[in-house]
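In order, the protein sequences belong to chains A and B. At position 420 of the first sequence the residue is numbered 1054 (our numbering), and the sequence of numbers has no breaks. At position 99 of the second sequence the residue is numbered 180 (our numbering), and the sequence of numbers has no breaks.
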Amino acid sequence: MPAYYLEALTVTLGFVILLAEAFVPSKNKSWAGIAGAIGLVLILILAFFAIGPNEKPEAAWAAWPLWNFYQYDSLARFYKVFALLTTALVLLMAVDYRKVLSRFTENPESEEGTGEFYSLPIFACAGMMWMASAKDLAGAFVALELVTITFYILVAFMRRNVGSLEAGVKYLILGALSTGFLVYGIAWIYGSTVTMRLDLMPAAISGMENTIPLLFGIALVLVALGFKVGAVPMQMWIPDVYQGAPTPTTAFLSVGSKAAGFILLIRFLTPFLEDGSPVRTQVLTILLILAAATLLFGNLAAIAQSNFKRLLAYSSIAHAGFLILALAAWSPGSESAISSVEAVSFYLATYLLMTLGIFFILAQVRIHRDGEAISDFNGLGKSNPALALALTVLLAALAGVPLTAGFIGKFFVFQLAVSAQLWVGLVIAIIAAAAGFYYYFKTVRAMWWIEAHDESVIKLPTISKIAIGALTFLTLLFGVYPDPILALLR
Amino acid sequence: MLALLVALPILAFFAILLGAPARQTAIGACALNFIFGVGSMFCWNADIWDFSVRVLEKPALHLAFGYYDGMSLVMVVLSVIVALAAVLSGKAPEGSEKLYYGSSLLIAAGAIGAFASTDLFFFYAFHEMALIPTFLMIGILGRGDRRGIAWKITIYLGLGSLVLLVGLVWLASLAGTFSIPEMLANKPEIDLAAQKGIAALLIIGFGTLVSLFPFHSWAAPAYASAPAPTSMLHAGVLKKFGLYGMLRIAVPLVPEGLQVWLTPLLVLLLGNILWVGLVTISQKRLDTLLGNSSVMHMGYIFLAIAALIAVPGNTLAVPAAVVLMFAHGISIALLFGLADRIERSTGSLDLSDMGGLAKSAPGMAFLFGIAAMASIGLPGLANFSGEVLVFLSAFESYVPAEGLGPVQIACILSIWGVVISAVYMLRAYRNIFQGPVVKSTEKAADLTFIDHIPAVILIVALLAVGCYPNILLNFLK
């Protein structure tokens, strides 16, 4: 099966759910989310049977010019699976979150206004999958915009909620600005290399004498992609948008959108970081500065937060810093050492498990305790010990405690930075990781040490219960046995 | 088989989570571990103890356990003994049994895992894993300013471990492997600049975990605040991780780098012995006194390590360090266990408002007396063997004609530490057990038969090694 079927199927699934939701009368819209999640999982299974043109060169479709825009390799498959899994989990989270969603629509009593919330993420997912296969800057741009525009709607979805609207406007303005940067940057790169195809880029830049226009273009594109992944100085939108957006959207932004940004960053940077590239040193310097600034800002600003969702926003910036540090320590990998791309992909995969697990819990706390502050977790250890234990494991994993998956990601980053001898980056990473211990454990402390003002037991819906349990278990499993994730990349 | 020793406490932890009776499960798991652990002393060379599963292809990481040499064996035996005593002697507060025993089991599993690992990655990871339950135990069930103290250890130990991680990763990347036996078998050639860097990172990293002066200020308040099993396990076993790491990893692999830092290290360890020793004398509570004394005694073990750094072929230093680690682990666990018992029966640990406890609780007085004597270093008890070996190792290959080297000077100064220990230990004993009976000690209950069991296990170990140190030394040849 040619690989582009995957995107086509995903878009079709989105349309089917959108239309079905509009024409099938039903009070309870949860079936749309569940159907969407099942559909995505089926596509996910198909992803393992998809092939690119090299594997079947005799087929008619293998000769199509589409393959100038689109590639399918193990990295593309990894990030497609990633996007599908994230979206499926976000849809399930939305199913359990729909009471809050409907409260802020025109008719708070019914779920009339919530149906689109189950189809929009599927369209964004198609965009992310396309980004994973990007081979051409124009194609990448279109895919990126599909994701971004969908997110404008998803962020502002709770339209009778001021916070959500404010977040939507902020995201729209800053997103539009970053799009401008992206197009302008692509124009400069095209102007200096006369190609938009990333696979032709190494040939186009080798031996280039005046690299300043090219570097200018790269810097502009980095600004735009920095916006996607949440790197300083384009991180300004993250705390407000994360806090205002509906929790499933925040989770989707934090995991899906960030991962899509990183795969595009990897695809975009690879030709410029290969041996023989005339701009290699400069690009690595830019990345190191970005990483250092992002690590410091994300971690130090997180210390002062008292709202859990905002804390996660800063933590998402902080993790972007670690990921960029892995790129700044660029290594193509060897027999015994991991490559930067593998490290980033592994880190993102573990980040998916931990972050989505936490957002599932946060969504339920939001519903039952009607708040998202750290103090709303007070006494959770007494009222819901199992839930509190799961959250403790997940937070410890985010902080990077060994024998959880989060540690191995950080371990890879440290290893790459040591091999590349980025001592400045390492010192900052140590400070950042230590600060991480502090602010993640603040929530652990709230759960176990501080008396609750509300001792009611939180009753988890079945889907959330299974999802939280599975994600926590996997976080622990991959902490001891990480090979399966990397096997997916081979 | 060693994997079983690590897995048993973890499985027991999950069993407790799922509703198994906490105390019985914990004791059962630790008793089984004790039998296997002590039993392994008789056949530790056999292959049955090795276990290895590859968990990652590149870099090649293995979840691997095994006795690399007698040092690992002694540390594992120490862990199982202290773990059993810890779960036996503790008494969980009402309603927190699961947390109390579950955490103790996890700390024990982490310690055994770290000492038994033959892979650098898991060696580090298991130790770190044990810090989370420590943090929770102090934060939830601690005494005094438990929250502030829990934060303090999180920051100190977190930062220390991260520095250590960088050092270990640097070392492993130069060695090209994470397997400790492979590393030690074909020692990588590391240039001096890198050795210096790695050695500094390892001294700071391991040093923070062992409470080397001046990174020690987390330790005393933490042990004073922690519930008994936690301070027994942490001060007795887990803290030895750093010393074990110095001996296992740092000294063989970056010897020249460490030599550069020898003099600073000697100054720091004297800080432990003399400065912290004096601080210990001025303590007014038994728990902080014991906490500080445990920090102080780390200095002696570092002295043995320094002797090994100064004279690479020093045959006495490793046995000295290992015997003293074992002795200190057992004696400090005994002291913390008894301190907890004293507090439970008198409601106080304040040295100034106690006295005459020997009248109402003679059994406790007897056991505490032995523990205090061990800690001072009375002959016949294990600590004496350890300390004497340490002092002898410092004078290994000493040529009188050349005068005293820095290690010998440090050794002579640190012998004063023995006097300091005698001062504070005897004073504590006098204040608590002798003198006029006061209100808090008047009706204090003595130890029951059951309460004796953990103390007796520990004392037997102390006496055995004290009278016949070859039990341990035979493993270290």
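We treat Cβ as the ideally placed atom computed from N, Cα and C, and that holds for glycine.
I'd like to confirm the pairing. Which residues does DSSP put opposite residue i in its beta bridges?
i	result
residue 770 (chain A)	A:831
residue 146 (chain B)	B:132 and B:198
residue 260 (chain B)	B:200
residue 366 (chain B)	B:431
residue 1007 (chain A)	A:941
residue 636 (chain A)	A:685
residue 137 (chain B)	B:142
residue 786 (chain A)	DSSP lists no partner for residue 786 (chain A).
residue 704 (chain A)	A:768
Answer with buried or exposed for residue i, where buried requires no fewer than 16 other C-beta atoms within 10 angstroms of its C-beta.
i	result
residue 1057 (chain A)	exposed
residue 910 (chain A)	exposed
residue 480 (chain B)	exposed
residue 690 (chain A)	exposed
residue 745 (chain A)	buried
residue 729 (chain A)	buried
residue 969 (chain A)	exposed
residue 179 (chain B)	buried
residue 649 (chain A)	exposed
residue 220 (chain B)	buried
residue 345 (chain B)	exposed
residue 363 (chain B)	exposed
residue 492 (chain B)	buried
residue 919 (chain A)	exposed
residue 635 (chain A)	exposed
residue 199 (chain B)	buried
residue 798 (chain A)	buried
Using CA atoms only, rank isn't needed, just tell me which of the options is closest to residue i.
i	options	result
residue 384 (chain B)	B:416, B:305 and B:498	B:498
residue 835 (chain A)	A:770, A:980, A:846 and A:872	A:770
residue 168 (chain B)	B:521, B:103 and B:279	B:103
residue 539 (chain B)	B:412, B:187 and B:557	B:412
residue 955 (chain A)	A:975, A:705 and A:1059	A:1059
residue 703 (chain A)	A:714, A:776, A:683 and A:666	A:776
residue 400 (chain B)	B:432, B:348 and B:154	B:154
residue 403 (chain B)	B:541, B:188, B:389 and B:478	B:389
residue 192 (chain B)	B:311, B:95, B:120 and B:176	B:311
residue 877 (chain A)	A:1096, A:1023 and A:796	A:796
residue 924 (chain A)	A:793, A:982 and A:864	A:864
residue 747 (chain A)	A:854, A:1084, A:661 and A:643	A:661
residue 951 (chain A)	A:846, A:869, A:1009 and A:695	A:869
residue 850 (chain A)	A:875, A:694 and A:822	A:822
residue 251 (chain B)	A:737, A:1031 and A:971	A:971
residue 241 (chain B)	B:205, B:366 and B:427	B:205
residue 429 (chain B)	B:367, B:517 and B:360	B:367
Whole angstroms is fine: what's the gap from residue i's alpha carbon to residue j's?
i	j	result
residue 1091 (chain A)	residue 945 (chain A)	24 Å
residue 237 (chain B)	residue 289 (chain B)	7 Å
residue 327 (chain B)	residue 301 (chain B)	22 Å
residue 1040 (chain A)	residue 467 (chain B)	40 Å
residue 341 (chain B)	residue 277 (chain B)	7 Å
residue 1110 (chain A)	residue 419 (chain B)	37 Å
residue 1037 (chain A)	residue 210 (chain B)	7 Å
residue 331 (chain B)	residue 280 (chain B)	7 Å
residue 555 (chain B)	residue 260 (chain B)	26 Å
residue 682 (chain A)	residue 676 (chain A)	11 Å
residue 127 (chain B)	residue 118 (chain B)	14 Å
residue 106 (chain B)	residue 99 (chain B)	12 Å
residue 783 (chain A)	residue 810 (chain A)	9 Å
residue 329 (chain B)	residue 159 (chain B)	17 Å
residue 177 (chain B)	residue 201 (chain B)	35 Å
residue 506 (chain B)	residue 315 (chain B)	21 Å
Roughly how far, in whole angstroms, is the beta-carbon of residue i from the beta-carbon of residue j, given that I think they are within contact range, below 8 Å?
i	j	result
residue 1051 (chain A)	residue 1063 (chain A)	7 Å
residue 641 (chain A)	residue 752 (chain A)	Not a contact, Cβ separation roughly 19 Å.
residue 513 (chain B)	residue 423 (chain B)	7 Å
residue 706 (chain A)	residue 758 (chain A)	That belief does not hold up - the Cβ atoms of residue 706 (chain A) and residue 758 (chain A) are roughly 20 Å apart, past 8 Å.
(Q) Output needed in chain order: residues of the segment 1065-1086 of chain A with a Cβ under 7 Å from some Cβ in chain D. (A) Going by chain labels, chain D is absent from the structure shown, which instead holds the protein chains A and B.
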